[in-house]
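Working notes for the structure below.
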DNA sequence: CGATAGTTTGACACAGCTCAATAGGCGTGG
DNA sequence: CCACGCCTATTGAGCTGTGTCAAACTATCG
């Protein structure tokens, strides 16, 4: 990962100067003028774990970039059963264009920091800048691929395969040292057991049992309930049913 | 639904003249010149039920519009377990832009007719025409919403709720008389029991048992294994867990 | 140190799976 | 038109993985 601090930094707002979203996120699709324009009305905010970002059926009037932390997207049935349908990590773009009402809940799974923009500005820029829309299309296609991968996990994997798949996914998204070739990984789980259960379509108890099984089989180690060490990612992968 | 046969039809290729995709599908984003251009290299083809359209890990060199019939998108685990991750109806656009290799299988679930275009043409047009990319973004967002709805079904619903949800979805997509306010519906199932099972993350036997339960409870009628009549869509909806 | 929220463990129940047999639909050929 | 064979769907009996309910344990924080 090289730091880009070149001639193009000229005129970039201070807010955006070192922002990850400007490189890997949607802001990478904007030129200096557009960034200045956007930065005028955008603001960083820090959200405590557990806070609701977008309520079900709530009118959404802002979009955001995730700068750090993990956001969980959930859907619920009327009797309270809940399913996590997506996790967003930095530098994902948060928001559902072309629909003022969201059928989805967004909640901070960890402490989260966001850079938020008014809906109207983003929608104007999308009209003016095909590059922005292009970037958004790419992210949406990626999210669709991920959603479909999880459909396989939800529909066809066993509980132990689900838990292994989940750990693998988190390792790849969180641990900075995990390039695809890495053999081991270590990270903090961004989700509670209850969240993991909602993500995998299981109960808390089943998740817990599968984690202890992985632990007694020496595939993972867990300290303080949250900190996970995987010595052999390939062993974990074997258990993921891929 | 009004038939559009107005001044804008001037210069529209014969092939596209009465094509549904020109109104509700992606071709609606193109002007007459672009349609002419596209029509030069596009072709209609009819595909028999069961034929594979896109093999897993196969290089995709064409995109298509679905004109009639149903296409199932599947993913498989190495040991053969399979999950249907999407169904495409007319006038959906079939193909995954920005990725030459597909991790997905596409197969005709019924007899299908397609209008296919070379990959290169579509990709050139996407660069030139923001409207096309915009349309594609909208379809992708819709598919993402659908995928997330199914994640809830896969992860959190019981077998009988799954089967009811499936019937409801098919009724809404297939039966032309089903506007949202309709009370009843009748349609042919586009999928075999095995396909339904792969869609819902169940076994054939469980699907069959739940269908007979719906039948004995007089929620649906089934003739010739395929033809379904739903007298009260709201009763079916009550069983879908929504 | 006590209170609280999150996690683990155990015992048991049941929804959905597996295996096996039967029934029904449909095309082919006599 | 019927007889046959093939494929799909249904039904049954028993098993098992995961859910339910309940209790014990652990971390964290005032």
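Residue numbers (the working numbering), protein chains in the order written: chain A, 1 to 242; chain B, 1 to 242.
All C-beta atoms, glycine included, are put in the ideal place defined by N, C-alpha and C.
Bear in mind that the values here come from a model prediction, so they are computed numbers and not experimental data.
Report all residues from its chain with a CB closer than 6 angstroms to the CB of residue 186 of chain A; omit the five preceding and five following residues, and keep chain order.
In the same chain as residue 186 of chain A, and ignoring 5 residues on each side of it, the C-beta atoms closer than 6 angstroms to its own belong to 229, in chain order.
Contact set between residue 80 of chain B and chain A, taken where Cβ atoms lie within less than 7 angstroms
In chain order: nothing, as chain A lies at least about 10 angstroms away.
Beta strand (DSSP E) segments (min. 3 residues) lying fully within the stretch 107-193 of chain B
Unbroken beta strand (DSSP E) stretches of 3 residues or longer found wholly inside the stretch 107-193 of chain B: 112-118 and 185-188, given in chain order.
Chain-ordered chain A contacts of residue 212 of chain B [CB-CB under 8 angstroms]:
The contacting residues do not exist; residue 212 of chain B stays about 22 angstroms from chain A at best.
Using a Cβ-Cβ distance cut-off of 8 angstroms, determine whether residue 124 of chain B contacts chain A.
No, residue 124 of chain B lies away from the interface with chain A (no Cβ there is under 8 angstroms from its Cβ).
Please report the distance separating the alpha-carbon of residue 1 of chain B from that of residue 50 of chain A.
Since pLDDT at residue 1 of chain B reaches only 48, below the 50 mark, its modelled position is unreliable, and the value read off the structure follows with that caveat. The alpha-carbon atoms of residue 1 of chain B and residue 50 of chain A are separated by roughly 46 angstroms.
Through-space distance from residue 55 of chain B to residue 4 of chain A, alpha-carbon basis:
Unreliable placement is indicated for residue 4 of chain A, whose pLDDT of 49 sits below 50; the coordinate value is still reported in the next sentence. Rounded to whole angstroms, residue 4 of chain A to residue 55 of chain B spans 40 angstroms at the Cα level.
For residue 137 of chain B, go through chain A and note every residue whose CB falls closer than 7 angstroms to its CB, in chain order.
For a Cβ distance threshold of 7 angstroms, residue set 133, 136, 137 and 140 of chain A lies close to residue 137 of chain B, ordered along the chain.
Return the first residue and the last residue of the beta strand (DSSP E) that residue 66 of chain B is part of.
First-last of the beta strand (DSSP E) with residue 66 of chain B: 62-68.
For the ligand GTP, is there a heavy atom less than 7 angstroms away from the beta-carbon of residue 103 of chain B?
By its list of ligands, the structure shown contains no ligand whatsoever, and the ligand GTP lies outside what it can speak to.
C-alpha distance - residue 95 of chain A paired with residue 225 of chain B, whole-angstrom precision
Rounded to whole angstroms, residue 95 of chain A to residue 225 of chain B spans 43 angstroms at the Cα level.
For chain B, check one thing: does any of its Cβ atoms lie closer than 8 angstroms to the Cβ of residue 91 of chain A?
By this cut-off, residue 91 of chain A is not an interface position.
Using a cut-off of 9 angstroms between C-beta atoms, extract the partners of residue 242 of chain B located in chain A.
Under the 9 angstroms cutoff, chain A gives 77 and 78.
Throw me the rounded Cβ distance for the residue 144 of chain A and residue 140 of chain B pair, which I believe falls under 8 angstroms.
For a cut-off of 8 angstroms, the C-beta gap from residue 144 of chain A to residue 140 of chain B is around 6 angstroms, short enough to register as a contact.
Could you check the C-alpha separation between residue 61 of chain A and residue 53 of chain A for me, to the nearest Å?
Straight-line spacing of the CA atoms in residue 61 of chain A and residue 53 of chain A works out to 11 angstroms.
Opposite residue 52 of chain A in the DSSP bridges: which residues?
Per DSSP, the beta-bridge partners of residue 52 of chain A are A:107.
Measure from the C-beta of residue 201 of chain A to each C-beta in chain B and report whether the shortest distance is under 8 angstroms.
Judged by the 8 angstroms Cβ criterion, residue 201 of chain A is in contact with chain B.
Would you call residue 90 of chain A buried or exposed, if buried means 16 or more other Cβ atoms sit within 10 Å of its Cβ?
So residue 90 of chain A ends up on the buried side.
Which chain B residues sit within Cβ distance under 9 angstroms of residue 194 of chain A?
Within 9 angstroms Cβ-Cβ: nothing; residue 194 of chain A doesn't reach chain B, min ~14 angstroms.
Taking the CB atoms as reference points, tell me whether residue 74 of chain A and residue 175 of chain A lie closer together than 8 angstroms.
Cβ distance not < 8 angstroms, so residue 74 of chain A and residue 175 of chain A don't count as in contact.
Taking all protein chains shown into account, decide if residue 165 of chain B is buried (16 or more other Cβ within 10 angstroms of its Cβ) or exposed.
By the 10 Å Cβ count, residue 165 of chain B comes out buried.
So, for residue 160 of chain B: in the same chain, excluding its five sequence neighbours on each side, which residues have a beta-carbon less than 7 angstroms away from its beta-carbon?
Result list for residue 160 of chain B: 210, 213 and 239, in chain order.
How is residue 229 of chain B classed by DSSP in three states: helix, strand or coil?
Note: residue 229 of chain B maps to strand in three-state DSSP.
Span separating the alpha-carbon of residue 153 of chain A from that of residue 173 of chain A
Each residue's alpha carbon lies about 17 angstroms from the other.
Cut-off 8 angstroms between Cβ atoms - residues of its own chain near residue 234 of chain A, not counting five sequence neighbours on either side:
Sequence-distant Cβ neighbours of residue 234 of chain A in its own chain, meaning closer than 8 angstroms and more than five residues away, are 183.
Counted within 10 angstroms of its Cβ, other Cβ atoms place residue 11 of chain A as buried (16 or more) or exposed:
It is exposed - the Cβ of residue 11 of chain A has fewer than 16 other Cβ atoms within 10 Å.
Residues of chain A with a CB under 7 angstroms from the CB of residue 98 of chain B: which are they?
In chain order: 138 and 141.
DSSP three-state assignment for residue 221 of chain A, whether helix, strand or coil:
Of the three classes helix, strand and coil, the one that applies to residue 221 of chain A here is strand, per DSSP.
Have a look at residue 110 of chain A and residue 69 of chain A and give me their C-alpha separation to the nearest angstrom.
Whole-angstrom Cα-Cα distance: 6 angstroms.
Residue 96 of chain B by DSSP, collapsed to three states: which one?
Residue 96 of chain B sits in coil when the DSSP states are folded into three classes, being neither helix nor strand.
Beta-carbon within less than 7 angstroms of residue 106 of chain A's beta-carbon, same chain only, minus the 5 sequence neighbours each way: which residues are those?
For residue 106 of chain A, where only same-chain residues beyond five positions count, the Cβ hits under 7 angstroms are 53, 54, 71, 73 and 94.
Minimum Cβ-Cβ distance from residue 154 of chain A to chain B less than 8 angstroms:
Judged by the 8 angstroms Cβ criterion, residue 154 of chain A is in contact with chain B.
Any residues in the stretch 157-190 of chain B with a beta carbon nearer than 9 angstroms to a beta carbon of chain A? Which ones, in chain order?
Those would be 157 and 161, in chain order.
Closer than 8 angstroms, CB to CB, is residue 147 of chain A near chain B or not?
Yes, its Cβ sits closer than 8 angstroms to a Cβ of chain B.
Decide yes or no for the touch test of the stretch 29-37 of chain A against the stretch 119-131 of chain A: beta carbon pairs closer than 8 angstroms, at least 3 of them.
Counting C-beta pairs closer than 8 angstroms gives three or more between the stretch 29-37 of chain A and the stretch 119-131 of chain A, which meets the contact rule.
Starting from residue 87 of chain A, trace the beta strand (DSSP E) in both directions and tell me its first and last residue.
Per DSSP, residue 87 of chain A is one residue of the beta strand (DSSP E) stretching across 82-88.
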